[in-house]
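Note that the protein sequences, when read in sequence, are chains S and H. Throughout, the working numbering is defined as the position within the first sequence, counted from one, plus 395. Throughout, the working numbering is defined as the position within the second sequence, counted from one, plus 395. Note that CB positions come from ideal geometry on N, CA and C, so glycine has one too. In this text, all values refer to a predicted model and were calculated from it rather than measured experimentally. Here the structure comes first, spelled out in structure tokens, and everything after it is commentary.
Number of protein chains: 2
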Amino acid sequence: MFKVKVIAVGKCKEEWLRIAIAEYEKRLSPLLQMSWIQADDDSQLPLLLRNETFIALDPAGISYDSIAFSQHLLQAIEKTGSRITFAIGGPNGFPTDLLQKAYLKWSLSPLTFTHQLTRLVLIEQIYRSLEISKKSPYHK
Amino acid sequence: MFKVKVIAVGKCKEEWLRIAIAEYEKRLSPLLQMSWIQADDDSQLPLLLRNETFIALDPAGISYDSIAFSQHLLQAIEKTGSRITFAIGGPNGFPTDLLQKAYLKWSLSPLTFTHQLTRLVLIEQIYRSLEISKKSPYHK
């Protein structure tokens with residue numbers, strides 16, 4: 396069982412977002428266990444990320460298409476013993492000093508998304524990654 | 396009042412997505428009227444787009460950050476007399492021959508999104524564009 400942890404600043408405020416994320420978690424559950432850790436603000440991130448090998452979501456990071464991200468994610472999970480952590484900063488972006496400690500800085504898009512929407516785009520890409528590795532028709 | 400039409404292939408299946416899109420439509424309603432036209436499949440797109448100046452959402456299109464997209468959208472709305480149309484293809488992508496007729500081919504991300512999620516990312520960026528033009532704190 397793969398374990399993916401997401402450390403994100405701020406509450407998941409919208410009901411529709413909780414429903415959407417729960418739907419992807421359910422689809423992922425046979426293969427992968429998701430856990431979400433909420434930081435109240437950026438200042439809590441250093442402590443929460445202290446012992447983590449993490450991928451920071453950062454608009455200035457490297458971008459992949461979904462197939463390249465799928466390969467990268469599966470390699471990363473293999474390297475880190477089936478566990479991987481993603482970190483999403485607050486409204487002011489990811490703290491610069493912490494960014495240097497990230498295993499990878501990944502940009503979902505050159506567009507800015509809300510922090511709420513970032514969580515949904517992230518979990519959909521994680522689900523898509525596994526479907527790509529299974530060669531399922533979800534990704535075509 | 397700006398008018399934005401979105402011509403998209405396929406139903407908006409998920410209840411959470413309808414709620415999310417309705418929330419953004421409500422926020423946009425003082426300034427901009429959204430309308431959604433559903434095509435059952437790609438073959439209906441040529442007829443629906445016949446008299447439209449449209450922006451095609453295409454992964455191989457040009458990408459912008461949110462500020463550049465905001466400027467582009469407002470210029471496009473001005474040029475086309477307060478109306479703009481977006482077109483989202485089906486699971487096989489946007490038909491190549493129609494792509495040539497697009498006013499602009501725009502890529503939201505190098506990642507592949509579901510067609511459902513594409514609608515939400517699009518309306519959030521349209522909302523963000525107007526907030527950027529108002530210099531509101533929504534975009535920072």
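Please report the straight-line C-alpha distance between residue i and residue j, rounded to a whole angstrom.
{"i": "S/Ser-477", "j": "S/Leu-427", "result": "9 Å"}
{"i": "H/Leu-515", "j": "S/Met-396", "result": "31 Å"}
{"i": "S/Pro-490", "j": "S/Asp-437", "result": "7 Å"}
{"i": "S/Glu-473", "j": "S/Ala-497", "result": "17 Å"}
{"i": "S/Ile-462", "j": "H/Thr-507", "result": "9 Å"}
{"i": "S/Ile-527", "j": "S/Lys-421", "result": "18 Å"}
{"i": "H/Gln-511", "j": "S/Lys-406", "result": "24 Å"}
{"i": "H/Phe-449", "j": "H/Pro-441", "result": "12 Å"}
{"i": "S/Val-399", "j": "H/Asp-460", "result": "28 Å"}
{"i": "H/Lys-535", "j": "S/Lys-535", "result": "35 Å"}
{"i": "S/Gly-488", "j": "S/Val-404", "result": "10 Å"}
{"i": "S/Gln-439", "j": "S/Gln-470", "result": "28 Å"}
{"i": "H/Ser-531", "j": "S/Ser-531", "result": "43 Å"}
{"i": "S/Ser-430", "j": "S/Ile-521", "result": "13 Å"}
{"i": "H/Ser-424", "j": "H/Ala-417", "result": "10 Å"}
{"i": "H/Asp-492", "j": "S/Asp-492", "result": "48 Å"}
{"i": "H/Gln-466", "j": "S/Ser-465", "result": "33 Å"}
{"i": "H/Trp-411", "j": "S/Trp-411", "result": "5 Å"}
How close, in whole Å, do the beta carbons of residue i and residue j come, if the pair is a contact with beta carbons under 8 Å?
{"i": "H/Thr-509", "j": "S/Glu-519", "result": "7 Å"}
{"i": "H/Ser-524", "j": "S/Ser-504", "result": "So it is not a contact: roughly 15 Å between Cβ atoms."}
In its own chain, which residues sit with a C-beta less than 7 Å from the C-beta of residue i, not counting the 5 before and 5 after it?
{"i": "S/Leu-443", "result": "Ile-402, Ile-432, Ala-434"}
{"i": "H/Leu-494", "result": "Ala-451, Asp-453, Lys-500"}
{"i": "S/Glu-409", "result": "Gln-511"}
{"i": "S/Tyr-533", "result": "Arg-523, Glu-526"}
{"i": "H/Tyr-419", "result": "Ile-518, Glu-519, Tyr-522"}
{"i": "S/Ser-458", "result": "Ser-502"}
Using a Cβ-Cβ distance under 8 Å, would residue i count as near chain H?
{"i": "S/Leu-499", "result": "no"}
{"i": "S/Val-508", "result": "The sequence given here places Phe at residue 508 of chain S; Val does not occur at that position. So, interface residue."}
{"i": "S/Ser-430", "result": "no"}
{"i": "S/Leu-493", "result": "no"}
{"i": "S/Glu-526", "result": "no"}
{"i": "S/Gln-520", "result": "yes"}
{"i": "S/Ile-479", "result": "no"}
{"i": "S/Ala-403", "result": "no"}
Between residue i and chain S, is there a C-beta pair that is closer than 8 Å?
{"i": "H/Lys-535", "result": "yes"}
{"i": "H/Arg-422", "result": "no"}
{"i": "H/Asp-460", "result": "yes"}
{"i": "H/Ser-504", "result": "yes"}
{"i": "H/Ala-451", "result": "no"}
{"i": "H/Pro-490", "result": "no"}
{"i": "H/Leu-512", "result": "yes"}
{"i": "H/Ile-457", "result": "no"}
Tell me which residues share the same chain as residue i and place their Cβ nearer than 6 Å to its Cβ, disregarding the 5 neighbours each side in the sequence.
{"i": "H/Gly-456", "result": "Lys-500, Trp-501, Ser-502"}
{"i": "S/Leu-468", "result": "Ser-524"}
{"i": "H/Ala-415", "result": "Leu-515"}
Relative to the ligand FMN, is the shortest distance from any of its heavy atoms to the C-beta of residue i smaller than 7 Å?
{"i": "H/Ser-528", "result": "Inclusion of the ligand FMN in the displayed structure is not the case, the ligand content being empty and no account of it being possible."}
Sorted by chain position, which residues of the same chain lie with C-beta nearer than 8 Å to residue i's C-beta, five sequence neighbours on each side aside?
{"i": "H/Leu-517", "result": "Val-401, Leu-452, Phe-481, Ile-483, Leu-503"}
{"i": "H/Arg-413", "result": "Cys-407"}
By alpha-carbon positions, which one of the options ends up nearest to residue i?
{"i": "S/Asn-446", "options": "S/Gly-485, S/Ile-416, S/Thr-475, S/Leu-423", "result": "S/Thr-475"}
{"i": "S/Gly-485", "options": "S/Ala-417, S/Thr-513, S/Gln-466", "result": "S/Thr-513"}
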